[in-house]
């Protein structure tokens, strides 16, 4: 497990290095800015997930995987499917009148439906697959449902821990690839793909 966590950290380092001197968005539109911010949030969750596993807190780690997924889904939805008003609600100052309206934004399931109608299958299909296979179990852990107490009592299986880390790495790659898309530079997108191919040992099985 420790080797997988080390490889995962190296994977993120390689993704960061693939951007060279840094990230500059194609433009500073609220839509791109909001999408990039949500990507950064998803990336943050991935890093803390690895720390949680490394410190012996697997139940917290699995809850973070859901946060990581939903932040990435929000980023993709903001770029491709959110209305101008919805983008404005999410980018408004916290003390603005937009805050109450932002609380009415679509939940994950509806965002995924709206995204499927607007974005390319290469972005949508992995998110749909994750939602179908993993989300109910993650929901149970977030809300201390049936799965969480059982795992506390019986111990967290290492095979499942490895699967979670690999799934997190897959989402991590999608977040960096989406950021690369936001720059408008094809070479950066291709760079993230190259990194993916170099680290298949710590990524979900095809």
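Residue numbers (the working numbering): 1 to 206.
Just so it is clear, CB atoms sit at the ideal spot from N, CA and C, and this is done for glycine as well.
Quick caveat, the model's predicted, so the values are computed rather than measured.
| query | result |
| --- | --- |
| Once the 5 residues before and after residue 61 are set aside, which same chain residues still bring their CB inside 7 angstroms of it? | 49, 52, 53, 164 |
| Below 8 angstroms, can you find three or more Cβ-Cβ pairs linking the region 60-77 to the region 13-33? | no |
| Mind checking whether residue 71 and residue 38 have CB atoms under 7 angstroms apart? | yes |
| Mind listing, in chain order, the continuous alpha helix (DSSP H) runs of no fewer than 4 residues lying wholly within the region 19-83? | 30-54, 58-80 |
| Can you name, in chain order, every residue of its own chain whose Cβ lies under 7 angstroms from the Cβ of residue 73, other than the five neighbours on each side? | 108, 111, 112, 127 |
| Leaving out five residues before and five after residue 118 in sequence, what residues of the same chain have Cβ atoms less than 6 angstroms from its Cβ? | 80, 81 |
| Roughly how many angstroms separate the alpha carbons of residue 213 and residue 44, rounded to a whole number? | This structure gives no information on residue 213, because the portion of the chain shown stretches from 1 to 206. |
| Taking the alpha helix (DSSP H) that residue 199 falls in, what are its first and last residues? | No alpha helix (DSSP H) holds residue 199; DSSP gives it neither H nor E. |
| Nearest CA to the CA of residue 122: which residue from 160, 90, 187, 193? | 193 |
| On the DSSP letters alone, give me the boundaries of the alpha helix (DSSP H) that residue 116 sits inside. | 108-116 |
| Whole angstroms are fine: how far does the CA of residue 115 sit from the CA of residue 124? | 7 angstroms |
| If residue 18 sits next to residue 170, beta carbons under 8 angstroms apart, how far is it from one beta carbon to the other, in whole angstroms? | With 8 angstroms as the limit, residue 18 and residue 170 do not qualify as a contact, their Cβ atoms being about 16 angstroms apart. |
| Pick helix, strand or coil for residue 122, following the three-state DSSP scheme. | helix |
| Please list, in chain order, all residues of the same chain as residue 166 whose beta carbon is under 7 angstroms from its beta carbon, the five residues on each side excluded. | 202, 203, 204 |
| Look at residue 78 and residue 34 and say whether their C-beta atoms are less than 7 angstroms apart. | yes |
| Leaving out five residues before and five after residue 30 in sequence, what residues of the same chain have Cβ atoms less than 6 angstroms from its Cβ? | 87, 91 |
| Find the nearest neighbour of residue 130 within the set 105, 168, 16, 157, judged by alpha-carbon distance. | 168 |
| Assign residue 92 to one of three DSSP states: helix, strand, or coil. | coil |
| Would DSSP call residue 11 helix, strand or coil? | helix |
| Rounding to the nearest angstrom, what Cα-Cα distance links residue 173 and residue 187 in this structure? | 15 angstroms |
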